[in-house]
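**Q** In our numbering, the protein residues as written are 6 to 242.
We put the CB at the ideal spot given by N, CA and C, even for glycine.
Fair warning: this is a prediction, and the values are worked out from it, not measured in the lab.
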Amino acid sequence: MNSLSVSVWRGRESGSYQLFDVPRLESQTVLDVVTYIQRALDPTLAYRYACRVGMCGSCAMTVNGRARWTCRTHVDKVARDGRLEIGPLNNLPVVRDLVTDMTVFFDKWAGAHGRFQGGASRRDEIARVSPDSPARRLADAGVECIGCGVCYSSCDVVAWNPAYLGPAALNRAWTLVNDERDTGNRARLAAVAGDAGCHACHTHMSCSERCPKQISPTASIAGLKRAAMVAALKGDI
Numbered sequence: 006m007n008s009l010s011v012s013v014w015r016g017r018e019s020g021s022y023q024l025f026d027v028p029r030l031e032s033q034t035v036l037d038v039v040t041y042i043q044r045a046l047d048p049t050l051a052y053r054y055a056c057r058v059g060m061c062g063s064c065a066m067t068v069n070g071r072a073r074w075t076c077r078t079h080v081d082k083v084a085r086d087g088r089l090e091i092g093p094l095n096n097l098p099v100v101r102d103l104v105t106d107m108t109v110f111f112d113k114w115a116g117a118h119g120r121f122q123g124g125a126s127r128r129d130e131i132a133r134v135s136p137d138s139p140a141r142r143l144a145d146a147g148v149e150c151i152g153c154g155v156c157y158s159s160c161d162v163v164a165w166n167p168a169y170l171g172p173a174a175l176n177r178a179w180t181l182v183n184d185e186r187d188t189g190n191r192a193r194l195a196a197v198a199g200d201a202g203c204h205a206c207h208t209h210m211s212c213s214e215r216c217p218k219q220i221s222p223t224a225s226i227a228g229l230k231r232a233a234m235v236a237a238l239k240g241d242i
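1. How is residue 25 classed by DSSP in three states: helix, strand or coil?
2. Buried or exposed: residue 135, going by 16 or more other Cβ atoms within 10 Å of its Cβ?
3. Can you look up residue 67 in the DSSP assignment and give me helix, strand or coil?
4. In or out: residue 82 buried (at least 16 other Cβ within 10 Å) or exposed?
5. Use the C-beta contact count for residue 180: other C-beta atoms within 10 angstroms, 16 or more gives buried, fewer gives exposed.
6. On the three-state DSSP scale, how would you describe residue 181?
7. How far does the alpha helix (DSSP H) with residue 191 in it extend, from its first residue to its last?
8. Which whole-angstrom value is the C-beta distance of residue 22 and residue 35, which I expect to be below 8 Å?
9. Tell me the DSSP secondary structure of residue 141 in three-state form.
10. So within the stretch 146–182, which uninterrupted alpha helix (DSSP H) runs reach at least 4 residues, ignoring any that extend past its ends?
11. Under a three-way DSSP split, which group does residue 91 fall into?
12. My output table needs one value for residue 105: the three-state DSSP class, helix, strand or coil.
13. Verify whether the separation of the beta carbon atoms of residue 55 and residue 63 is less than 7 Å.
14. In this structure, how does DSSP classify residue 123 when only helix, strand and coil are distinguished?
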C-alpha cells in the first residue's frame with residue numbers, strides 16, 4: 006500500500022513538526038489523514054472538526070503553508086511527492102497542536118460592531134427587504150461567511166499589525182452597513198474607519214483568493230472605505 010509522509014505540528018506557540026507515515030487511500034481528505042493519525046497512531050494529537058462536509062469551517066488548518074478547510078481538501082490536490090505538512094492556522098494563538106484560540110478573531114467581530122442592531126420592536130410589522138434592492142445585493146455577496154478564520158489566517162496585514170480587525174470582521178461590518186433595517190451604522194463606520202480598520206487593508210487579495218465560500222472580503226473592505234469617506238465628509242463620524 007502506498008503511504009504518505011505527513012509532518013504535523015505538535016506543541017503550542019513553540020514546538021516542532023512530528024513525522025507520521027499514513028496509508029494513502031482513494032478519495033482521501035486531509036481531515037481523513039489527521040483523523041487516522043489521532044485514532045491509529047497518536048491519540049494525544051489535538052485538532053478540531055465537526056461536520057466533515059464543509060458546513061462549519063471548524064476543521065480549518067494550514068496545509069503545505071496555505072489555510073484550508075481540511076474536510077474539503079483532497080490529498081491528491083495538495084500532496085507534494087507524497088508529502089504533507091499540516092499546522093494550525095496562522096495569526097492566531099495555538100492552544101495545542103492543530104487547535105487555535107479563536108477568541109481574538111471573534112473579539113474583532115465585536116470591535117467592528119458585527120452585531121445586528123435593529124430599531125423595531127416585536128409590536129412592529131415584519132420588515133420586508135426587497136431581494137432586488139442594490140443594498141441587499143451588496144449584503145448578499147458577503148453574508149454567507151461562517152467565521153472559519155481562513156481569510157484571517159491568510160491575511161498579511163494581520164501578520165504585520167495584530168490590531169488590524171481583519172477581513173472577516175470587516176466583511177461582516179459591510180453586510181450590516183447594507184442592511185436597511187440596521188440602526189447602528191454611525192458607530193459601526195466610526196469603528197471600522199480607525200487605524201486598525203478598513204484603511205489598513207493593502208488589497209493583497211489573499212483573503213478573497215482563499216475563501217472557501219468564494220466571498221470577496223477585499224470588495225467588502227473597499228466598500229467600507231467608500232462609505233467611511235462619505236460619512237466623514239458629511240460629518241457623521
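**A** So, from the listed chains and residues:
1. Here the question's residue 25 lines up with position 20 in the sequence shown. Residue 25: strand per DSSP, three-state reduction.
2. As a first step, residue 135 must be located in the sequence shown, where it is residue number 130. The residue is exposed, with fewer than 16 neighbouring Cβ atoms inside 10 Å.
3. The residue given as residue 67 occupies position 62 in the sequence shown. In the structure shown, residue 67 sits in a strand (DSSP, three-state: E or B).
4. One-based indexing of the sequence shown puts residue 82 at position 77. Exposed is the label assigned to residue 82, since fewer than 16 other Cβ atoms lie within 10 Å of its Cβ.
5. The sequence position of residue 180 within the sequence shown is 175, counting from 1. Looking at its Cβ environment, which holds 16 or more other Cβ atoms inside 10 Å, residue 180 is buried.
6. Looking up residue 181 in the sequence shown gives position 176. The DSSP-derived three-state label of residue 181 is helix.
7. Here residue 191 refers to the residue found at position 186 of the sequence shown. Segment 190–197, the alpha helix (DSSP H) holding residue 191.
8. Counting from one through the sequence shown, the residue named residue 22 turns up at place 17. Counting from one through the sequence shown, the residue named residue 35 turns up at place 30. Not quite, the Cβ-Cβ distance comes to about 15 Å (not below 8 Å), so this is no contact.
9. Sequence index remark: in the sequence shown, residue 141 carries index 136 (1-based). The answer is helix: DSSP assigns residue 141 an H, G or I state.
10. Listed in chain order, they are 155–159, 161–165, 172–182.
11. Within the sequence shown, the letter at position 86 stands for residue 91. Here residue 91 carries a strand assignment [DSSP, helix/strand/coil].
12. The residue given as residue 105 occupies position 100 in the sequence shown. Note: residue 105 maps to strand in three-state DSSP.
13. Here residue 55 corresponds to residue number 50 of the sequence shown, with the count starting at 1. Here residue 63 corresponds to residue number 58 of the sequence shown, with the count starting at 1. Yes. Within cutoff.
14. Counting from one through the sequence shown, the residue named residue 123 turns up at place 118. Looking at residue 123 - three-state DSSP - the assignment turns out to be strand.
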